Every structure is written in structure tokens, then in C-alpha cells.
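**Student:**
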């Protein structure tokens, strides 16, 4: 009976945990070439999302989505009549953050979203039934569902898998492998964090005063979603990159919201009992 | 000039379509009707019990389209059963699926046992229905029904959509709306049968209490949501929200009940029925407008930043 | 400068980025703030077309502030050489050098020669040119020198005078670059050069696609020689070439004015009527080019095999003689006039990618037949029905073939990259359907033509009939479906060269002979296949202990990674510094050793004196590193080889909104214009075309788009044609971001969307602002994404030395709205 | 595995239901990179710019299944730019021309023709044009043995062996002088 249920529900014993893997995306090294975007699409055989110019600098991708798992942002900062030296063109390759406390994973009703043995967050395509709850749950707007009628894995949720398939063979994820300037670094999360702290120190010493890390355990952005397994070195405030200051984990406030709901229910029951009981 | 990256939204627009608010509405209505019926069974007079007993039928009937609606909204409807792959109360969606799955048979059983007790259901089926442990079903049904009525708002709130997540009260609001519509449905069906005016008055009073509570919570909700409420209170959903959900769905029924409070007979029946229809419709309008405006809210970069400020 | 490396060579840019992390300073000098600028330590804006003024300013700074590397300059350059008394510098002649003939718009360069007896001066007066300039260098092998550099006729003094007016103020005026920024660049370069440090300059078509492109590169060469940055690790001038094997197709070459390995192509307008005269004219007594006869005869033996004998000049007469300028641009003009009947296009797209694309398309309609060979339907293949001109197919007579071809993993073959590195790529799969490799097409076309001509006794057909053409493998590889694929390695073995008698591969070009006993297809590549089964281009061995990585691929010549690397050691043969140690003289072993293959006779000691009576590099001393040069020295001043002057001089582009601030002469006196009705060029300061327009590429697309616009992953990243303009220009014209605009030149007009960005800036010039319009040229009328073609706006013109059009600086007008 | 890595910090016993232990699917357990069982990985060179990045072309059942940067290369060390990373689609693409297309003079459409026929026809056209335009001597009597009525253009994205044969055939064999390529552009 239980076996039949497990078979029907595709339930298997998860593998034993291994060292956590992640990305350190150092935007100070990004040249905006978008190799990561294409390498990702190539490896994962993702379709293009359409052909329209946005007019927003060189970013014609716009945002991460069900079939875009790396996205390079282009932030032009310049003053009128400013010299070239004051001008900045920030580039940043955005990706799923693989949060320690992942809102999408917590929202998932089917267990399609799992934390893998590498500590990453992964959508199991043979489980996901496309309920769509993970989509608004993500505080970063990463995960999305493909249209129900489409050529690519229709109707299920998608996002960066941190190349789960490649990790199984100790291969570097496609984006990090392709990155020509090591802006995307892949490795053991702990080691990457050490590297990131060191790098930040270097940049601060060089006078890059606005440089900061985003997604480290000590950062306030980790308050709810926890440290990010794909974290960033930014050259400006997180909002400039569309990153929330303190990304929310919905579960944190859920009890309270249930409480209000229950209170209303109980209150109504009491009122009802009172109204009916008065004459009864 | 946008604070963030051009005017791109921070969070993703929900992919859900009309089936979801429709399901929330019906599920809530079912839970509310069941609770009202159960309250009458346990606390009401014989008239009340007779009048409100139809609430079980309402609950069962309202549940019929729920599962199909929920399944229809899935990206992969063929995998609907994965909803029950694990038990994960942390996920309101999972909790809801389990609740719907368990509440539906309970509600049907209770409706059947009620039908058997009123003689509507005879023969072997009736005999079977009489075997249903009424008290247990009632208790279980009330808990499940309330959960079904109450989780939907929490589900929406358990996201990062500013309109849904900013206030603490969306769960309570949907619960109140569910109870209002559920009790209204009971009133409505009672009004079609020969029940004493006093019972109708009492049912109307319960409904009014729910509507008044809903009104109060809505006010709190809007206040708490602050600027995040703008897609709902202004813009293209403002009209259906203010006129439909608030005006026709809460204020009008309250007014009608106030008028009905001093009436009897036909007038009372007409007024309570009209109020009930308004409440039920308003409940749908509330769910639909908040749901749809939530999608617009997802595109509000500033509201998202606001929501996620430390 | 002249390159947008981060965007167009992103993986190449990996290395400057690494260097930056290790403390190097990256400077980007460019009209646009590009992705390269964003990553550079210093971004320096410069008005498009003013590069020589900028570089001249740097040269002047280095000279006047005594920042030049004296030991290097005195020993290794021709700074001390004395120039002919007849020489008149452009400074003293309104921007023209001596020897200018306004009628033919050309120079007689006799007066630019080193001072010497009349007879030798005459020997110098060659008209040879092109890539073979070094080989044909007639400069006197041991010119008179003044090592104190004080002689007013010395190159050093001429140089000083020539650039004296290229002051920071002048740079600011001409280039629009703030003086402070310019001086920063000058100081960084000066401080980062010398014994311990080197600086490198990277350029690309931002320089070459100007009417004085070669001279811009020359200016960089002068600067690098003065700073001691040539032949040394971390130094040099790096041409960032744009195509997988464009270096290879230049070396081999498929260029009209050259034979393989930069041998000058015989021409009827030179004294090339016999092989002997050709070789006498082309080979110089001094320097390595004295070996030219060995290379030429070996080439003829490779081509004509046994039919090439001493009696028939080794088949020399079967090689056609040039009768003029047969370059792509000139041929296009002739084609438009109906003078060309047949056209074979291998992986090219002139209907979109070449200058004056509209005229190119018209030219295609004048052909009798055209063969396009590509993986995709190009604009060129589709001109007869899809061109924007809207011709009715019924009115187009051209017979058109589109042959499907193979991509690199579908065939064996060798690419030569931008570092002269030959890398072999192995066949992984068969090409699909009827697609065949270009090698297959050329081989089987040749085979068929030989059949068609078989039996002909007409002398003019004998070249074809005698052409060695035995490339089919002994037995086809059973793995592949296509059985008649020629053996690529057989071709490469011919390219390497072999002994005629016993057909053994020659180990390198040192073993080639002028007596017909050796054959060699491309002498500079000799050594790539020194023995059967030993394909050096296919080597993929890492050498972690040596960053030069000598066992990865094969760099010509002779696997040398840095040319003239003798200059990495001081005249005594010792490294200039420990930090910059590269190649040095090992006195104990009596030979040159180091990280790289020494680009110098292996056992020639530093103290070896020049043999006054010798030939070739015996004429050079042991401290003359520039072995290809007749005098063994790096040329600050080019006494020969260039058609537009011995020293780079600032001229304005052929189309410019301003007049030349430095000279009376406005633009290049010898650049070729094509004065045709359909090729109007707007005059300087033309108010109808007040803006500068420059064309370029972006990372996400590739040239005319054939290799990227059929690719959805790339197309979605850059989906539409756009023009980049500054907010100032946008405001002046009432244009908002993404508005449609129309850009026009006297040739044509195109419409596209405006991308308004502060990355574009107006340049102040004499109190006015000069605006620049930036146009990527990736779009066309075929592909997943389509758009207007920037090359429609470009004029036919030719830089005089290398025949390249000017499209990095033109003038245009701009208006809001669509073109129709 | 540290709690932080596993995620779900601060979850109570109810919250952990369904999260720990967290079942996986068969597909997830069996997940593997598609190149694990490739028949071969063939070294190649990127067809785009001249940096010369080395690539590995993975082949299974005579089809390309993946193209990536070659980590052994001292030039790119496994990295690629977006164009290089898209090489797979450059080759495996439904828009590729895989038949010989022919458009007769004045015709308004392409037609597919056999490869052999096209090759014969092109050889004939070359011969005809050459015959009609060949110049042995200039009016001044200089031997030139050339034709200017045929021109070739290309190819900078082609192999040196191919360029060599083009030069050899068209120049040394046929007397064509206008042999040019992208380097001139």
C-alpha cells in the first residue's frame, strides 16, 4: 500500500548531503558579455524569449524567467557634462539566489522544489504540477512557470538548477564555466564566502567605497531568507540592481496571518452561537 | 526615475487565472455555510436547525466545482495528485489541498446524514447515511471548513506580492468574507423555505455580523497595506472593488438587513434574499479584485522595495 | 585604442582583466564609452578619426619630456639613421611630404630614403607595397648613422620636429580630449615602460577602417619603439582581428596583392616580367627577405609540381600579373559597372557587410552568375528578391547558386588566430544533407575544371592543367558518410613544404631552396607539419612551467610567440631586467635561449659585427633584432614601404565636420576616392551632414549577422538595429529613447531606433559641439531578426596601403521619424 | 550538512513536516549531464572572432549534443563568450541551408538542385567566363595571363587549407586576380 503510494507519487529516498555548492558573482569583474545567459540556454536547451529591444541600455532580457536563468543587468550611471571617469556602467549577472531558506521551496505543495545534496534549490520536473505558488512567493522574482502550451516543459516551474545534472559529475555549471572574466565563480559556498570577503577588502582598499556583498550570512539581507548560496559583490546599493534590502520569507509572518484568520473564524462561531443560543 | 533597475518589477506576476478566486470564493462559501449549519445544529432552535440544515447541502454543492477549478489552474493538471504527495502544512497550498480533499467527503457525508435525518434520503443509501457519526463529522467539518475558508487569504499573504503580503489581515478578511457569504447562502436557501421570521432574523443577524466584521477588517487591511493597496483602491479594479465588493457586497447588505430587521413575511424574505445575494456576489468581487489587483501590485517596484525594507 | 576588446574579444579581454587584478592599468581611448571603457581604469574620450593626433601627442610628450628608452632606441631603432637631403617633412610643406604628385595623387618616395650614394638611393626607389613592405624594403642596409642623435637629418631629429606641434593643447583641440586626461595617459605609459616594465597597445578595425589606418598603427609602432615596448613580453601592438582565421586568410592569403607568406604578387606595372626580375626586385640584399627566391621557387614547385622547371621559370608566367588595383572595393566598383561577370563568395556577405552595401547589391545584379557558399541564406544570396531596393526578380539576370557548407566541427582544418597561432580543429560529425566543406567545393571545382580543360594545349591553360591537385585521401575514413572529402592534412603538408626528390616534409623554412629541390605552399607556415603524422597545429599540450605555452598549437614563424624577441635582451644579450626576462644569450652554450623560440639566428653572438659585404641577415650585427628589416632596426621613420608618407601625420577623415587644425592639407593626399555619381562624399564641414557617424559591433551579434541573426539565443540579446546618440543630440532633435530616427549620408539613408545614452558624448571643437552617431552594423534583411544596414551609409574609399574603406569616421545627418 | 545549508532555519516540528526528510523523484536521483555518455569529445576552435578559443564538441550517435569551452586551452581555459557559447545553435539549426539552391536568371524562386549538377554547371560557367575574358597580354604587350571578369571573396572564417586552395586554383590555375577576403574589410 505504502509502496504503491510511493510509486504513484514518485517518492524516493534523497541522496546523502554533500558539501554545499554555490555561485559568487563578482560584478566588479563583469564585462556584460552575456556568455552566461547563452551558455545557460545552450546547456539547458532553453528557448529564446522573443525579439524586442527594451531601450534599457544593452539589456534586452529584462528579467529572469522560466526560460532565462541568467540575466545580465546594465546600469548606466552618468551625470550630464560629467567626465568619463565619473561615468559608470555597472553590469551584473543575476541568477537564482538558492536561498538557505527558500520561499519557493517552502511554498511548494508537491515537494517538487527540493534542496539537493549540494544545498541548492531545485525544481524536479517530473513532480511539479505547475500550481504556481512558488512564483509570487519568491522575493527576488526569479522562478516562473512556463505557459501551459509551449515547446519547453510546458506548465511547470523553472529556474536555475545550478546545473544539478552537471554537479552530479563534478562539472562546473555552464554559466560559471563560460564566464570569461571569472565574474561568476562556482565552488564550495564556504570557500566562496572567504574569497568574497577578501575581494571586498581589496576593492575597499582600492577606493571602491560603494562595493558591498549581498547574501552573506552576516548581511541584513540574510535576516529572513538566510544566506544566499548564490551571492553577489555589488558596486552600489542592492536596490539599484532590483534586489530587495531585506528579502522577505513569507513563512515568517504566516502564523500571525493564520492567527487573524482563526480569530475571525472563532469570533464568528462565538457570535453565531450567541445569536442562535439566545433564543434556543 | 525608478528607485530600482529601470521600472522592472522586483517580483514575478502570479500566473494564476480566474479559477483561483472562483475556487477561493466557493471553498470559503462552503466552509461558511457548513459552520453556520453546524452552529444552528448545536445552538439553534428546532426551526433554526431545520432552516440551517440546508447549509450542509450548500456546502456540499459549493465543494463540487472546487477540485476541478483547482486542477484546471494547474500548469500540469495531469499531476494534480502530486498535491498529496507529501504532507507539508508549511505550504498553505499543500494544507489547502489536504483540507479540500478531507473536507469534501466529510461535507458530503454530513449532508447525506442530514438528508437521511430529514427523510429526504431513504433506502439503502439513507441507511448508510445514518451510519455517519454526526457529531464527529460536524466537529471535523467545522475545523476543516474553517481551515478551507481561512487558508486562502493566508495563502495569498504568504507571497511577496505587496497587496497581499503587506497587511496581516488578508487571511482574516477572506475568512470573514467566506463566513459572510456562507451564512448568506444559508439565509438565502432558508428564505426559500417555510421558516419562521425569527429564524430568518437570526440568520440575517449572523450574516450582518460577518459583513460588519468583514468591513472592519477590510478597513484595517487597507490601512495596513498603505501605498501597496493602490492597485486595488485606484486604477482599473477600483470600480469593481468599491462598488462591487464594498458597496454592493458589504454596505448594501448591511443596509438591507437593517431595513429587514423591522420587517416580516414576504418583505423580510425578499430583503434577506437580496442581501444574501449581494453578500455572496460581493464576496466573489472581493476575492476577484484583490486577486487581480495583486497581479498589478506585483509590477509595483516601489511597493516591493517598501515591503522588503528592513 | 581603436578596439572595443571587452565587447568584441571578450575571452581575449580575460587576460587584460587578469592583468588589471594584478596591478596593471587599463586605458581605453575611444569615441564611445563602451563595455571596455566601463572596465578600464581610465576612459579617455577621443573624437572619431583623430587617433594620429592623439598618438602624435604621446610621441611628442615622450620625446620632449625625455621619457624614451635611450638604450633601446639608440641600439634597436633607426633613430640614428640619416635621411636623404632631399627629404621634406610634412611640417614644412603644409601636410605633404616631398615627392607628391597631385595629378596622380601619389608619392614618389625616393626622397624619403636614407642618405647615401645616388646608386643606392635609386635602388631604394621601389614602388612595391602591401604586406610585403618589409620584404620589398629597399632601404639601404647600412645607412649612415649618428649615434648621438644630434644630426638634424637624423630620424630622431626629424621625428622630434615632425611631432613638435602635437602638444596637449593641440590634442585637446583636435581630439576633444581634455589635456589633463591626455597627460595622464602619457604619464602612465611613460612610467610603465623601460627596463622593468612594458605596455601593450591593442587595436582593431577602429584603426584600420580609416583612410590612414596603416599610419595610425605606424604611430603606435613609433610610440612603442620609443618606449622600448617591441619584442618584449607584455609589450607590442596587438591587432585584435575579427574572424576565426582572418589572420590565416591574410597569411595564405586570399588577397589580390600578395602571394602566400607575404610574397608580393607579380604585377605588370612593376618590373616583374620574368621570375628573375621579380625576385631581384622583390628580394632585398639586407635582412631575412633576401631569402625570398627560396620561398618563391618553393611556392611555384608546390603549385606546379614537376611541370615547374628552371627552364620555364618554374611556371612563373602561369601566375597572373596584376594590372592595377584588384581589391574588393575596386572590384565592387567594376562589378557595379558590369565589368565583372562571375563572382564566387565564400562565407562572405558583401550585400550587407561591405562598404556601400547598396552599391554592392546593385553590383550583384550586374553579374552573369554568382556562387554563394554559406551555412545560411545570406543577404548576398538573397539579393535578387529580398533587397530593400525591391527589384523584381524577373529584371535580375544573375544566375545564383547557394551552396550549403560545413561549420568547423564538420571538417578538419586549421585556423590562424589573432596571435598568429595555428590551431587545428578535428572533424566531429559529417555536415548535414548536401552541405560540404569549402575544401570539398574548391577541390572538386578544380577537379572538374581540370577535366573541362583536359587536352588543351593552349599555353594559358597549362597552369591549371599542371596544378598539383592530389588531395583525396588514400582511402576514405570509414567513419564518415561523405567519401570524397579531400584530406585536409594533405593540403597542410603541402603548405608546410617538402623535398621534391624524396617527398619528405621539410622541418622548417630554413631548409627551403631556390633551386627547385623543395616545394612549400606557405613559407611562413613551414614547420607546422614537419613529418608525416606530426601536425604541430594539432598539438594540445600544456606547459604550466612556461607561460608562453609553446606546445599548444603552432605559431608562425617557427613557433615564435613574440616576433623580434631578440629585443627583449639588451644589446649585450642580457635581459633588460629580471622581471622582463624572455630571450637571452647564453654565453656558455653559445646560443640564444629563453622562454620562446629566439627570433634570431640561434648562434649569432650579440657582439657579432655586421658583415659589410654579406647578404641577408649577415648584414646585421648581433644586436640588430629586426631581422626582416633591411637594416635590422625598428623603423621610427619608414624610408619605404608606405604610400602615404614616412611618418604618420594627422589628416581629417575623407568626410569630416571640421577642418584640419594642424595642416593646410585636409585629408589623406593619397587615399583612393571613387568619384562616382552613386558614391558622393560630403565636403569638410558640410552643413547638410553635420554629425560624425561611426560603425561598430556589439558582443551579442557578429558582423553582418549571418552567424548570429539565425541564432535565437543571440538574436534575443540584441534584437533590433539601433543608433546610439547622446542626450544632448537627442534633445536638440526632439528625439526620445526608442524613437524611430533616420540617419543619412550622401549615399543612402537608413531608419532605426534611437538609443539615447550618456555613453555617447559631444566633443567640443573650436567653440562648437560635435555630435557622434554610433551605428552597429549587424542587421539585414534575412535572419530571425532584421533591420537596417549601417553599411548602406558607407562610401567606397581605400586606404592607400591596404585598400580598406573608411567607416569609422564619416559624416551624416539625423532626423526624427522613419525614412519613408 | 549544516542547518544553514539545509535551509529551513527556525522551522518547528510542524513546519518541518514534508521538508525533512524530503523525498526526491526518480528522475532527480538519476539526473546526469547529457555528455556523460557522449561517444566522443572532439577538440575544435570557435568559428567566431580571432581569439581562437578552443572548444569541445560532444558527439553522440553522430550528432552534436553539446559544445563547450575546452578547459585545457591556454587561450580560453574553458571559457567562451556568448557567441562561442552559442556555437551549438550555429550548427544545429533548422534554418541552415542543407540543399543546393539554384535560382535561374530572371526566375522568382529558389529551386533545389543536385550537388553534382550544380558543380558541373559552376565549372562550366567559370570556364566560359574565363574563355571570354582572358587577357594574355596588355595592349603594351606585357604578358599578364589574367582575367578580371571573375572575382572571389572570402573567407576569413575558413581554414587556411581552404584559403590556400582558393588562391592556388583561382590565381595559379585560372588567372583570376581579384581574390579577396574579409581582411580587406
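Chains as they are written, first to last, in this note's numbering: chain U, 1 to 280; chain P, 1001 to 1310; chain Z, 2001 to 2820; chain X, 3001 to 3185.
Where is the CB? At the ideal position from N, CA and C, for every residue including glycine.
Here the structure is a predicted model, which is why all the values come from computation and not from measurement.
So what's residue 12 of chain U in DSSP terms, helix, strand or just coil?
**Tutor:** Your numbering for residue 12 of chain U matches position 12 in the first chain. Correct three-state label for residue 12 of chain U: strand.
**Student:** Taking 8 Å as the threshold (beta carbon to beta carbon), is residue 3021 of chain X in contact with chain Z?
**Tutor:** The count along the fourth chain starts at 1 and reaches residue 3021 of chain X at position 21. Output row for residue 3021 of chain X: interface = no.
**Student:** Along the chain, where does the beta strand (DSSP E) that runs through residue 2594 of chain Z open and close?
**Tutor:** Here residue 2594 of chain Z refers to the residue found at position 594 when the third chain is read from its first residue. Here the beta strand (DSSP E) through residue 2594 of chain Z covers 2591-2594.
**Student:** For a contact meaning CB atoms closer than 7 Å, what does residue 260 of chain U contact in chain P?
**Tutor:** Working through the first chain from its first residue, we reach residue 260 of chain U at position 260. Those within 7 Å of residue 260 of chain U in chain P are 1168, 1169, 1171 and 1172.
**Student:** Can you name, in chain order, every residue of its own chain whose Cβ lies under 7 Å from the Cβ of residue 125 of chain U, other than the five neighbours on each side?
**Tutor:** The sequence position of residue 125 of chain U within the first chain is 125, counting from 1. Answer for residue 125 of chain U: 153 and 156, listed in chain order.
**Student:** Quick test of your reading: residue 2821 of chain Z and residue 2177 of chain Z, contact by CB under 8 Å. State the CB separation rounded to the nearest angstrom.
**Tutor:** Residue 2821 of chain Z is absent from the model: chain Z starts at 2001 and stops at 2820.
**Student:** So, helix, strand or coil for residue 1112 of chain P, using DSSP?
**Tutor:** Position 112 of the second chain, counted from the start, is the residue given in the question as residue 1112 of chain P. Three-state result, residue 1112 of chain P: helix.
**Student:** Measure from the C-beta of residue 2121 of chain Z to each C-beta in chain X and report whether the shortest distance is under 8 Å.
**Tutor:** One-based indexing of the third chain puts residue 2121 of chain Z at position 121. The predicted position of residue 2121 of chain Z is uncertain, since its pLDDT is 40 and thus under 50; no value can be drawn from it.
**Student:** Would residue 1215 of chain P and residue 1250 of chain P qualify as a contact pair, given that the criterion is a beta-carbon distance under 8 Å?
**Tutor:** Reading the second chain from its first residue, position 215 is the one you call residue 1215 of chain P. Reading the second chain from its first residue, position 250 is the one you call residue 1250 of chain P. In this structure, residue 1250 of chain P lies closer than 8 Å to residue 1215 of chain P by Cβ.
**Student:** Quick one: residues in its chain with C-beta nearer than 7 Å to the C-beta of residue 1297 of chain P, no 5 flanking neighbours on either side, listed in chain order?
**Tutor:** Locating residue 1297 of chain P in the second chain gives position 297, counting from the first residue. 1161, 1162, 1163, 1228, 1231 and 1303, listed in sequence order.
**Student:** Can you tell me the Cα-Cα spacing of residue 2410 of chain Z and residue 3048 of chain X, whole angstroms?
**Tutor:** Taking the third chain and counting its residues from 1, the one referred to as residue 2410 of chain Z is at position 410. Taking the fourth chain and counting its residues from 1, the one referred to as residue 3048 of chain X is at position 48. The straight-line gap from Cα to Cα measures roughly 15 Å.
**Student:** What are the start and end residues of the alpha helix (DSSP H) that includes residue 1256 of chain P?
**Tutor:** Your numbering for residue 1256 of chain P matches position 256 in the second chain. Counting along the chain, the alpha helix (DSSP H) containing residue 1256 of chain P begins and ends at 1252-1260.
**Student:** When you compare the CB positions of residue 69 of chain U and residue 96 of chain U, do they come within less than 8 Å of one another, or not?
**Tutor:** Locating residue 69 of chain U in the first chain gives position 69, where the first residue counts as 1. Locating residue 96 of chain U in the first chain gives position 96, where the first residue counts as 1. It is a contact, given that the beta carbons lie within the stated cut-off.
**Student:** Going by C-alpha to C-alpha distance, which of Z/2748, Z/2736, Z/2633 and Z/2619 sits closest to residue 2286 of chain Z?
**Tutor:** In the third chain, the residue the question calls residue 2286 of chain Z occupies position 286. Residue 2286 of chain Z has its Cα closest to that of Z/2619, out of Z/2748, Z/2736, Z/2633 and Z/2619.
**Student:** Thinking just about the alpha-carbon of each residue, which of P/1185, P/1288 and P/1056 is nearest to the one in residue 1138 of chain P?
**Tutor:** Start at 1 with the first residue of the second chain, and residue 1138 of chain P comes out as number 138. Checking every option, the nearest Cα to that of residue 1138 of chain P belongs to P/1056.
**Student:** State the start and end residues of the unbroken beta strand (DSSP E) segment that holds residue 2607 of chain Z.
**Tutor:** For the purposes of this step, residue 2607 of chain Z is taken as residue 607 along the third chain, with counting starting at 1. No beta strand (DSSP E) holds residue 2607 of chain Z; DSSP gives it neither H nor E.
**Student:** When we look at the beta-carbon of residue 2593 of chain Z and count the other beta-carbons within 10 Å, is it buried (16 or more) or exposed?
**Tutor:** For this step, residue 2593 of chain Z is matched to residue 593 along the third chain. Residue 2593 of chain Z comes out exposed.
**Student:** Go ahead and label residue 186 of chain U buried or exposed: buried means 16 or more other beta carbons lie within 10 angstroms of its beta carbon, across all protein chains shown.
**Tutor:** By one-based count along the first chain, residue 186 of chain U stands at place 186. Residue 186 of chain U should be labelled buried.
**Student:** With a Cβ-Cβ cutoff of 8 Å, do residue 3216 of chain X and residue 3148 of chain X count as a contact?
**Tutor:** Any answer about residue 3216 of chain X is impossible in this case: the structure gives chain X only from 3001 up to 3185.
**Student:** Indicate, with yes or no, if the ligand ADP has a heavy atom lying under 7 Å from the CB of residue 2334 of chain Z.
**Tutor:** For the ligand ADP, the structure offers nothing, since it holds no ligand at all.
**Student:** Taking residue 147 of chain U and residue 163 of chain U to be in contact with their CB atoms under 8 Å, please state how far apart those CB atoms are, rounded to whole angstroms.
**Tutor:** As a first step, residue 147 of chain U is located in the first chain; it is residue number 147 there, counting from the start. As a first step, residue 163 of chain U is located in the first chain; it is residue number 163 there, counting from the start. Not a contact, Cβ separation roughly 24 Å.
**Student:** Give me the chain X residues within the contact set of residue 2460 of chain Z, using Cβ-Cβ distance strictly less than 8 Å, ordered along the chain.
**Tutor:** Numbered from 1 along the third chain, position 460 holds the residue referred to as residue 2460 of chain Z. Within 8 Å Cβ-Cβ: 3134, 3136, 3145 and 3175.
**Student:** Report the three-state DSSP secondary structure of residue 3092 of chain X (helix, strand or coil).
**Tutor:** Within the fourth chain, numbered from 1, the residue matching residue 3092 of chain X stands at position 92. Correct three-state label for residue 3092 of chain X: coil.
**Student:** In chain Z, what lies closer than 9 Å to residue 3014 of chain X by C-beta?
**Tutor:** Here residue 3014 of chain X is taken as the residue at index 14 of the fourth chain, counted from 1. Neighbours of residue 3014 of chain X on chain Z: none; closest Cβ ~45 Å, over 9 Å.
**Student:** In chain Z, which residues lie less than 9 Å from residue 3036 of chain X when you measure between Cβ atoms?
**Tutor:** Position 36 of the fourth chain, counting from 1, holds the residue named residue 3036 of chain X. By Cβ distance, chain Z contributes nothing, its closest Cβ being about 18 Å from residue 3036 of chain X, past 9 Å.
**Student:** Identify every residue that forms a DSSP beta bridge with residue 2673 of chain Z.
**Tutor:** Residue numbering aside, residue 2673 of chain Z sits at position 673 when the third chain is read from its first letter. Answer is Z/2797, bridged to residue 2673 of chain Z.
**Student:** Tell me which residues share the same chain as residue 2396 of chain Z and place their Cβ nearer than 6 Å to its Cβ, disregarding the 5 neighbours each side in the sequence.
**Tutor:** Looking up residue 2396 of chain Z in the third chain gives position 396. Excluding sequence neighbours, residue 2396 of chain Z sits near 2365 and 2384.
**Student:** Work out the CA separation of residue 3062 of chain X and residue 2658 of chain Z for me, nearest whole Å.
**Tutor:** Translated into positions along the third chain, residue 2658 of chain Z becomes position 658. Translated into positions along the fourth chain, residue 3062 of chain X becomes position 62. Approximately 60 Å between the Cα atoms of the pair.
**Student:** Please name the residues in the segment 2265-2283 of chain Z whose beta-carbon is closer than 7 Å to at least one beta-carbon of chain X, in chain order.
**Tutor:** Per Cβ criterion, the list reads 2268 and 2273.
**Student:** Take residue 1084 of chain P and list the residues in its own chain whose beta-carbon comes closer than 8 Å to its own, dropping the five residues that flank it on each side.
**Tutor:** Here residue 1084 of chain P refers to the residue found at position 84 of the second chain. Once the five neighbours on either side are set aside, the close Cβ partners of residue 1084 of chain P are 1097, 1098 and 1101.
**Student:** So residue 2343 of chain Z is in the beta strand (DSSP E); what residue range does that whole segment cover?
**Tutor:** Within the third chain, numbered from 1, the residue matching residue 2343 of chain Z stands at position 343. 2342-2346 is the span of the beta strand (DSSP E), which, as asked, contains residue 2343 of chain Z.
**Student:** What residues in the segment 167-181 of chain U have a beta carbon less than 7 Å from any beta carbon of chain X?
**Tutor:** For the segment 167-181 of chain U, which is checked against every Cβ of chain X, the residues closer than 7 Å are 168, 169, 171, 177, 178, 179 and 180.
**Student:** Using 8 Å as the threshold, is the C-beta distance between residue 2731 of chain Z and residue 2714 of chain Z below it?
**Tutor:** Locating residue 2731 of chain Z in the third chain gives position 731, where the first residue counts as 1. Locating residue 2714 of chain Z in the third chain gives position 714, where the first residue counts as 1. No, the pair does not count as a contact, with Cβ atoms beyond the cut-off.
**Student:** Counting only beta-carbon separations shorter than 8 Å, does residue 244 of chain U have a partner in chain X?
**Tutor:** To locate residue 244 of chain U, count along the first chain from 1; it is residue 244. No, no contact with chain X.
**Student:** Can you pull the chain X neighbours of residue 34 of chain U, defined as C-beta to C-beta under 8 Å?
**Tutor:** Locating residue 34 of chain U in the first chain gives position 34, counting from the first residue. Those are 3082, listed as they occur along chain X.
**Student:** Would you mind working out which of U/53, U/101 and U/111 sits nearest residue 1081 of chain P, comparing C-alpha positions?
**Tutor:** On the second chain, position 81 is the one that residue 1081 of chain P refers to. That would be U/111, whose Cα lies nearest to the Cα of residue 1081 of chain P.
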